[in-house]
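Working notes, structure below.
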Amino acid sequence: MPDKAGRLLDAAAVLAVRRRAGLVPSGAVPEPIALAPEEDVPVVPGPAAARLRRILAGEQIRVLPEWLDAAASRGFRVPAQSLPDLLERGRTDRMLRPPIARAAGRRGVWLALQNTDWAYLVGAGDDPGGGAEVWETGTRNRRVAYLTMLRGSDPARARDLLRGTWTAEPAPDRAAFLATFAHGLSLDDEEFLEAALEDRGKDVRQIASDLLARVPASAYGERMAARARACLVPERRSARGRRQTWIRVEPPRAHDEDMARDGVPFHPSGSFAPRGGGRPVGTRAAWLREILARTPLSTWTDLFGLPPMEIVCLPLGGGPGGSGGSSAQNEWASDARDVHIGWARAALAQRDADWARALLKGGVMVDEPEALADLLSVLPESERDAAAADLIRWVEGQPDLLRVLEHVPGPWTGPLAAAVLAALAASAERPTRRDEHLVTQLCRLADLRLDPSAAPRLDGLAAEPDAAVPRAVPELIATLRFRDEMLKELST
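Going by the UniProt record's numbering, the first residue of the sequence shown is number 1, and it counts up by one from there.
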């Protein structure tokens, strides 16, 4: 008789053979998979479902986010048979995940729970579900989603939740959670954000300073305003035989720990970057831009006693009136760029429509035209298209055109669409290599942003016998027609 140790070894040997053979012990019976829940929204119409299959097969794949958003906004969901291919696309493309979550329906979530590769879908939508339990046990993405939702309805509760776990969170999580304070931001958040300026994490400190710059009547805003008033000083000067108000520009001469604490680093990201005329942005100029970007814009209306449109048109200079020669003009242009860029960044951060309108219409000098394009989002929707069209006409024929348009979100309609089409036609008629490149890049920007009903207006351009018309033009027309048909199918 074998002893106990021998019997144990024999049993282990038998079990090892069974495992190698793939035998599953009878006690390990898997739990049955729950049935998919009933859907509460209808599936897309048949033609739209057929087009989705074509898109997932690779035809015009770049329109997939628009198809998903259009379906969800019209109260439809993705057909069940297309869900596996769609979820697999989302596995490798993170940008697709939010629109997939909005259009996948309940069966999409159910499928995601059956496959760990698709688990991203749970919590990828706008509503994380699960209540406060998500904050205790959820993934970082789900906790961010929950905190964002709570900041929209109960900012104080969201702040208290984060305060309770703050010291235990790793730095990347602290940064992600603090960024949710952009929702429901108010003076009540000031104490928490001021403390975050001392955080060990660089990203946390940066987010805290960016948020404090948007809090009205904050101590942070007062500190930045004091620095800014020392940089921009109103003066009365004689020019062309009359006295007028000037802005004397005095960039900071030194950097200190207080500036660093308030989010103005010794080497801001913009320092030493090329600017107009090919010269770099020096460190002092970069400090000036950072300070102005973080200063309440009310500082300037109070100081000058003028509306924003008149302030942005005031002449600027670094010293008392000079000879007016070329060096003085260069100095004025340099100062104007630095000041106007700072104001543009402030208007964007503070969502100030009056300043955005003034900067877009005031003929300001900037070496970052995309900073002006970003201001379009601050304007009321009724003004955006016309303002964007003016901006495009301002830079038409320049390399800056593409930089500007990259920052103008779709849909491009009305006067904006007309300006884009005019710029496209003007460049297509010039057979230079530079213009051919511009047309190609412009078509690639326009294919997903231009109003698809604009396709017939491009037919004449594509039909030109001149072989110099880039191939991108007929490709743009094909994409616009595809999108037009797609949206009509989802509107039935």
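The beta carbon of each residue, even a glycine, is placed where N, CA and C say it ideally should be.
Open item on the list: Quick test of the definition: if touching needs 3 or more C-beta pairs under 8 Å, does the region 436-455 touch the region 100-107?
Closed with: no
Task: Where the beta strand (DSSP E) containing Gln244 begins and where it ends - done: Here the question's residue 244 lines up with position 244 in the sequence shown. That run of the beta strand (DSSP E) goes Arg242 to Val249.
Open item on the list: Could you compute how far the alpha carbon of His456 sits from the alpha carbon of Ala387?
Closed with: Residue 456 sits at position 456 when you count from the first residue of the sequence shown. Residue 387 sits at position 387 when you count from the first residue of the sequence shown. A small fix is needed here, since residue 456 is Pro in this sequence, not His. Roughly 25 Å between the two C-alpha positions.
Open item on the list: Here's a check: name, in chain order, each residue in its chain whose Cβ is nearer than 8 Å to the Cβ of Glu235, leaving out the five neighbours to either side.
Closed with: Residue numbering aside, residue 235 sits at position 235 when the sequence shown is read from its first letter. Only Thr245, Trp246, Ile247, Arg248 and Pro320 meet the Cβ criterion.
TODO: Take Pro47 and list the residues in its own chain whose beta-carbon comes closer than 8 Å to its own, dropping the five residues that flank it on each side.
DONE: Reading the sequence shown from its first residue, position 47 is the one you call residue 47. Hits under 8 Å: Glu489 and Thr492.
- [ ] Using the DSSP secondary-structure output, state which residues sit across from Trp412 in a beta bridge.
- [x] Counted from its first residue, the sequence shown places residue 412 at position 412. DSSP, once it has assigned bridges, lists Leu450 as partnering Trp412.
Task: Cα-Cα separation between Arg143 and Thr137, rounded to whole angstroms - done: For the purposes of this step, residue 143 is identified with residue 143 of the sequence shown, where counting begins at 1. For the purposes of this step, residue 137 is identified with residue 137 of the sequence shown, where counting begins at 1. In a straight line, the C-alpha of Arg143 is about 8 Å away from that of Thr137.
Task: For Val233, the residue or residues it bridges with in DSSP - done: Your numbering for residue 233 matches position 233 in the sequence shown. DSSP output for Val233 lists Arg248 as bridge partner(s).
Open item on the list: Tell me the rounded alpha-carbon separation between Trp118 and Arg384.
Closed with: The residue you call residue 118 lines up with position 118 of the sequence shown. The residue you call residue 384 lines up with position 384 of the sequence shown. For Trp118 and Arg384, the distance between alpha carbons rounds to 38 Å.
- [ ] List the residues that DSSP assigns as beta-bridge partners of Leu316.
- [x] As a first step, residue 316 must be located in the sequence shown, where it is residue number 316. BP columns for Leu316 point to Ile247.
Open item on the list: I'd like the list of long-range same chain contacts for Gly201, defined as Cβ closer than 7 Å, with 5 residues on each side in sequence excluded.
Closed with: Here residue 201 refers to the residue found at position 201 when the sequence shown is read from its first residue. Hits under 7 Å: Ala171, Arg174 and Ala175.
- [ ] Please specify which runs of the beta strand (DSSP E), each continuous and at least 3 residues long, are wholly inside the region 56-139, giving them in chain order.
- [x] none
- [ ] Check whether the Cβ atoms of Ala428 and Val473 lie closer than 8 Å to each other.
- [x] For the purposes of this step, residue 428 is identified with residue 428 of the sequence shown, where counting begins at 1. For the purposes of this step, residue 473 is identified with residue 473 of the sequence shown, where counting begins at 1. Contact: yes.
Open item on the list: Under DSSP, the alpha helix (DSSP H) around Ile311 begins and ends at which residues?
Closed with: By one-based count along the sequence shown, residue 311 stands at place 311. Ile311 -> alpha helix (DSSP H) spans Pro308 to Ile311.
TODO: Taking Leu292 and Trp343 to be in contact with their CB atoms under 8 Å, please state how far apart those CB atoms are, rounded to whole angstroms.
DONE: Counting from one through the sequence shown, the residue named residue 292 turns up at place 292. Counting from one through the sequence shown, the residue named residue 343 turns up at place 343. Right, the Cβ-Cβ distance comes to about 6 Å (below 8 Å), so this counts as a contact.
TODO: Please determine, among Val264, Pro265, Asp258 and Trp287, the residue with the shortest C-alpha to C-alpha distance to Pro251.
DONE: As a working note, residue 251 is residue 251 in the sequence shown. Nearest option by C-alpha distance: Trp287.
- [ ] Taking only runs that begin and end inside the region 335-365, name each unbroken alpha helix (DSSP H) of 4 or more residues, in chain order.
- [x] 353-361
- [ ] Give every residue of the same chain whose Cβ lies closer than 7 Å to the Cβ of Ala373, excluding the five residues on either side of it in the sequence, and list them in chain order.
- [x] Counting from 1 along the sequence shown, the entry for residue 373 is found at position 373. Excluding residues within five positions, the ones whose Cβ falls inside 7 Å are Leu391, Val404, His407 and Val408.
TODO: May I have the straight-line CA-CA distance separating Arg77 from Ala71, to the nearest angstrom?
DONE: Stepping through the sequence shown from its first residue, residue 77 is reached at position 77. Stepping through the sequence shown from its first residue, residue 71 is reached at position 71. Roughly 6 Å separates the two Cα atoms.
Task: Cys231 versus Asp40, Arg214 and Ala254, residue with shortest Cα-Cα distance - done: Sequence index remark: in the sequence shown, residue 231 carries index 231 (1-based). If we check each option's Cα against that of Cys231, Ala254 comes out closest.
Open item on the list: Measuring straight from C-alpha to C-alpha, what distance separates Ala347 and Trp355?
Closed with: In the sequence shown, counting from the first residue as 1, residue 347 sits at position 347. In the sequence shown, counting from the first residue as 1, residue 355 sits at position 355. Cα-Cα distance, rounded: 6 Å.
Open item on the list: Here's the rule I'm using: 16 or more other beta-carbon atoms within 10 Å means buried, otherwise exposed. How should Cys443 be labelled?
Closed with: To locate residue 443, count along the sequence shown from 1; it is residue 443. Looking at its Cβ environment, which holds 16 or more other Cβ atoms inside 10 Å, Cys443 is buried.
TODO: Along the alpha helix (DSSP H) that carries residue 496, what are the first and last residues, could you check?
DONE: No answer is possible for residue 496: it lies beyond the span of the chain, which begins at 1 and ends at 492.
TODO: Identify whether Ser238 lies in helix, strand or coil by the three-state DSSP scheme.
DONE: Numbered from its first residue, the sequence shown carries residue 238 at position 238. Strand.
Task: Start and end residues, alpha helix (DSSP H) containing Ser298 - done: Locating residue 298 in the sequence shown gives position 298, counting from the first residue. Ser298 to Phe304 is the extent of the alpha helix (DSSP H) around Ser298.
TODO: Answer with buried or exposed for Phe266, where buried requires no fewer than 16 other C-beta atoms within 10 angstroms of its C-beta.
DONE: Counting from one through the sequence shown, the residue named residue 266 turns up at place 266. It counts as exposed.
TODO: From the DSSP output, in three-state form, read off Val44 for me.
DONE: Taking the sequence shown and counting its residues from 1, one reaches residue 44 at position 44. Looking at Val44 - three-state DSSP - the assignment turns out to be coil, as it is neither helix nor strand.
Open item on the list: To the nearest angstrom, how far is the alpha carbon of Met309 from that of Leu316?
Closed with: For the purposes of this step, residue 309 is taken as the residue at position 309 of the sequence shown. For the purposes of this step, residue 316 is taken as the residue at position 316 of the sequence shown. Each residue's Cα considered, the two are about 15 Å apart.
- [ ] Whole angstroms is fine: what's the gap from Ser218's alpha carbon to Glu191's?
- [x] The residue given as residue 218 occupies position 218 in the sequence shown. The residue given as residue 191 occupies position 191 in the sequence shown. Using only the alpha carbons, I get a separation of about 10 Å.
Open item on the list: To the nearest angstrom, how far is the alpha carbon of Ala195 from that of Thr180?
Closed with: Walking along the sequence shown from the start, residue 195 turns up at place 195. Walking along the sequence shown from the start, residue 180 turns up at place 180. Whole-angstrom Cα-Cα distance: 16 Å.
Task: Backbone secondary structure at Leu178 - three-state DSSP - done: In the sequence shown, counting from the first residue as 1, residue 178 sits at position 178. Reduced to three states, the DSSP call for Leu178 is helix.
- [ ] Please go through the same chain and pick out, in chain order, the residues whose beta-carbon is closer than 8 Å to the beta-carbon of Thr301, but skip the five residues on each side of it.
- [x] Translated into positions along the sequence shown, residue 301 becomes position 301. Once the five neighbours on either side are set aside, the close Cβ partners of Thr301 are Pro307, Pro308 and Ile311.
Open item on the list: Helix, strand or coil for Ala36? Go by DSSP, reduced to three states.
Closed with: Within the sequence shown, the letter at position 36 stands for residue 36. Coil.
- [ ] Evaluate Asp188 with the Cβ neighbour count: other Cβ atoms within 10 Å of its Cβ, from every protein chain shown; 16 or more gives buried, anything less gives exposed.
- [x] The count along the sequence shown starts at 1 and reaches residue 188 at position 188. By the neighbour-count rule (16 or more Cβ atoms within 10 Å), Asp188 is not buried but exposed.
Open item on the list: Can you tell me whether His183 is helix, strand or coil according to DSSP?
Closed with: One-based indexing of the sequence shown puts residue 183 at position 183. If DSSP states are grouped into helix, strand and coil, His183 belongs with coil.
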